[in-house]
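Read the structure below first, then the notes.
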Amino acid sequence: MTDAKSDPLAPAKSTPFGLPLSVLAEITHRCPLQCPYCSNPIEMDRAASELSTEEWQRVLHELADLGVLQIHFSGGEPTARTDLLELVQCATDVGLYSNLITSGVLLTKDRLAALYQAGLSHVQISFQASDETLANRIGAHRRGHAKKLEAAKWTREVGLPLTVNAVVHRQNLHELPDLIDMAVALDADRLEVANVQYYGWALKNRAALMPSEAQIEEATAVVDTARKRLLGILEIDYVVPDYYALRPKKCMGGWGRQFFNISPAGKVLPCHAAESITGLVFDSVRDHSLAWIWEHSPAFNLYRGTDWMPEPCRSCALREEDYGGCRCQAFALTGNAANTDPACALSPQHDEIFQTARREAADGSSRFIYRNFIGGTAEPEVENNDR
Amino acid sequence: MNGARRHIQLALDTRPILPRHVKLKFDKQRERWLLLAPERILVPDEIAVEVLHLCDGKASIAALVAELAAKYDAPEAEIMRDVRAMLQDLADKGFLAENTEAIP
Ligand code: SF4
Ligand code: SF4
């Protein structure tokens, strides 16, 4: 049986977009944690601008009509919204398969049981590390790790499948074997080992997060061995990080081809980091129907297909394999979102970013800048803050 | 999970069932059957859809293979091989469970 990720449901290569498959609904940017690699934009949506329950319910109906199959309730911390239960129930009623992507720290067992009753199908809990002290330092939350462990246990107890998501970087990659053991001990079905993607907050913190090549090589070996050992027990998702790759990722399966994201205030984005590309205007569900946005939004159409591509992508045989990589990364590293993603070895900037990565991995300070609504706060200097 | 066990090794008497979080759905917009699972959408072919419909927690693997063999007038051994490979693959991903409750 084939996996839609690899892609019988994808639109034909020559068509610029198809029916959207799944949607990331970032229902709030509020979050009790302050991870330095958070994928939220630096300028976050305030609570007052968030879509109301009724607005989200209308959106959920539109999503189902548009052909969307799965919805990921995310954030920020989606459980910070008191109407999450109503939204999950509505998703179920319109026939969407729903996932909850959460830090877990606000969950209770009763709430999980109610979400299960409302039709929630899957929970993904993010962990900052397996060591409690390190985890709480990364998330800047004193009791975060302990609460996550509890939430994971309750998730399984109410009968929901669990994915453990571990964002990895220089300061926690040495723990990868422990993270794998932790996922098994928590009875997770899947472990997502996600290398940090460097835009938004993570770009601010790149020097503190960038892993070394040796760390990545070791991680790849650890994952290979664990996959064999844990066949049928734990699935492990793992992708080598961009900066050390030769070919870019087919980011989002291609800009605006099959996926989109809705921000807390209702902006429809081709990718969760798209707001990091300054100068692009994104349409809102408050002004247009989703069907109109999917077809006509200028921000979507701008980088659809291959006509917009400059060289070296334009004449590259692989242009419909990876669509030139990630627009947000191209913008973050070259100042122009239309450039070839520098993760590609054919990009004129590739060498430079590779050298930067090496240098930062070797001498970057390990001090974090924490994510918050005031543009970030530097971690206090601590003696002993070993790298 | 009420009598459904995860992480299974299929045997002839295993009674496979889709767990609650794996949904076989006919998608009207795309006009095809899909299998929705956590972070995945699988696209079963026609035969796979038929096999999945038979995974109701009542029929054993032996029984559902016999049913298919009779229907398609095909050698049981061949169907057994294909069906087991397909279902074990789903089970390894955590997308198939086993009904362990006694048959009423
Ligand atoms: S990455 Fe951390 S700070 Fe950002 S939403 Fe997730 S838990 Fe909150
Ligand atoms: S040049 Fe462009 S299309 Fe070719 S491999 Fe690199 S990113 Fe992909």
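Taken in sequence, the protein lines are chains A and B.
Quick note on numbering: the first sequence equals residues 248 to 634 in this note's numbering.
Quick note on numbering: the second sequence equals residues 129 to 232 in this note's numbering.
Backbone N, C-alpha and C fix where the C-beta goes; we use that ideal spot for every residue, glycine too.
Computed from a predicted model, the values in this text were never measured in an experiment.
Comparing alpha carbon positions, the residue from A/L354, A/R614, A/L334 closest to A/Q418 is A/R614. Within a 10 Å sphere around the beta-carbon of A/E297 sit 16 or more other beta-carbons, which makes this residue buried. Closest in alpha carbon position to A/R605, among A/P258, A/D340, A/A473, A/L456, is A/L456.
With 16 or more other CB atoms across the displayed protein chains lying within 10 angstroms of its CB, A/P458 is buried. In the DSSP assignment, B/Y200 forms no beta bridge with any residue. By the neighbour-count criterion, in which a residue is buried when 16 or more other Cβ atoms sit within 10 angstroms of its Cβ, A/R574 is buried.
For B/K199, no Cβ of chain A is located within less than 8 Å of the residue's own Cβ. For A/Y363, there is no enclosing beta strand (DSSP E); the residue is found in the alpha helix (DSSP H) stretching over 356-364.
Around A/I480, the beta-carbon contacts reaching into chain B at under 7 Å are H135. Non-local beta-carbon contacts of B/P172 in its own chain, meaning distances under 7 Å to residues more than five positions away in sequence, involve W161, L163, L180 in chain order.
The beta carbon of A/G571 sits closer than 7 Å to at least one heavy atom of ligand 2. DSSP places A/V335 inside the alpha helix (DSSP H), whose first and last residues are 331-340. Cβ contact annotation for A/M499 (same chain, cutoff 7 Å, sequence separation greater than five): F506, P517, C518, in chain order. Excluding the 5 residues flanking it on each side, A/V405 has same chain C-beta neighbours closer than 6 Å at L359, A360, Y363, in chain order. Counting only the Cα atoms, A/T581 lies some 26 Å from A/I621. Out of A/D588, A/W541, A/A579, the CA that lies nearest to the CA of A/E558 is found in A/D588. Separation of the CB atoms of A/Q462 and A/L420 is rounded to 5 Å, and the pair is thereby assigned contact status at 8 Å. Cα atoms of A/S510 and B/S188: separation of roughly 47 Å, rounded to the nearest angstrom. Per DSSP, A/V431 is one residue of the alpha helix (DSSP H) stretching across 423-432. In this structure, ligand 2 has no non-hydrogen atom nearer than 7 Å to the beta-carbon of A/D598.
For A/F601, the uninterrupted alpha helix (DSSP H) run begins and ends at 597-610, by DSSP.
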